[in-house]
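First comes the structure, then the notes that go with it.
In this note's numbering, the protein residues as written are 377 to 533.
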């Protein structure tokens with residue numbers, strides 16, 4: 377007598393139930409994942425601004441001359457650059473546009489040879505990205521040090 381072999385694997389109803397559960401979980405997770413990605417884009421944009429400010433300050437100290445960080449013609453979200461202090465045609469750094477971002481900031485930021493800011497008001501950059509409720513603020517104190525905050529910038533009173 378031949379022993380009956382036990383079948384292995386899943387039945388069609390079991391497979392369909394598993395696929396249905398996976399589809400429901402994916403549908404629930406997608407909006408949260410989109411917000412997570414947009415939140416990371418805000419942090420990335422703020423880090424780019426922060427790094428450019430540090431680079432500008434470093435170049436001013438290194439070259440012992442005033443160096444300016446300026447936005448592109450269309451504004452900060454379209455990019456920014458650090459011009460050479462004696463030859464405006466040479467760029468020390470040129471950052472491209474940040475797609476889907478809104479960056480409100482000063483008309484330019486100039487660092488003096490001692491690393492301090494030119495002017496008497498501390499500039500700030502308010503950064504937001506499409507699809508995210510998060511905002512970031514990059515502020516610069518008058519000593520020239522930039523720092524980031526995980527909130528929107530508070531307007532000066």
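We treat Cβ as the ideally placed atom computed from N, Cα and C, and that holds for glycine. Here the structure is a predicted model, which is why all the values come from computation and not from measurement.
Residue i classed as buried or exposed, judged by whether at least 16 other C-beta atoms fall within 10 angstroms
i, result
"residue 432", "buried"
"residue 424", "buried"
"residue 533", "The pLDDT assigned to residue 533 is 48, lower than 50, so where the model puts this residue is not dependable, and the model offers no usable value."
Which of helix, strand or coil DSSP assigns to residue i
i, result
"residue 386", "coil"
"residue 448", "strand"
"residue 498", "coil"
"residue 407", "helix"
Beta-carbon proximity of residue i to residue j, cut-off 8 Å
i, j, result
"residue 445", "residue 456", "yes"
"residue 504", "residue 418", "yes"
"residue 430", "residue 522", "yes"
Nearest to residue i (by Cα), restricted to the options the options
i, options, result
"residue 462", "473, 470, 442, 493", "442"
"residue 496", "396, 520, 508", "520"
"residue 506", "436, 474, 452, 393", "474"
"residue 502", "384, 512, 483", "512"
"residue 485", "459, 464, 477, 509", "459"
"residue 490", "438, 391, 483, 508", "438"
"residue 509", "493, 518, 517, 478", "478"
Residue-chain proximity (residue i, chain B), Cβ-Cβ < 8 Å
i, result
"residue 452", "Any reference to chain B falls outside this structure, which holds one protein chain only."
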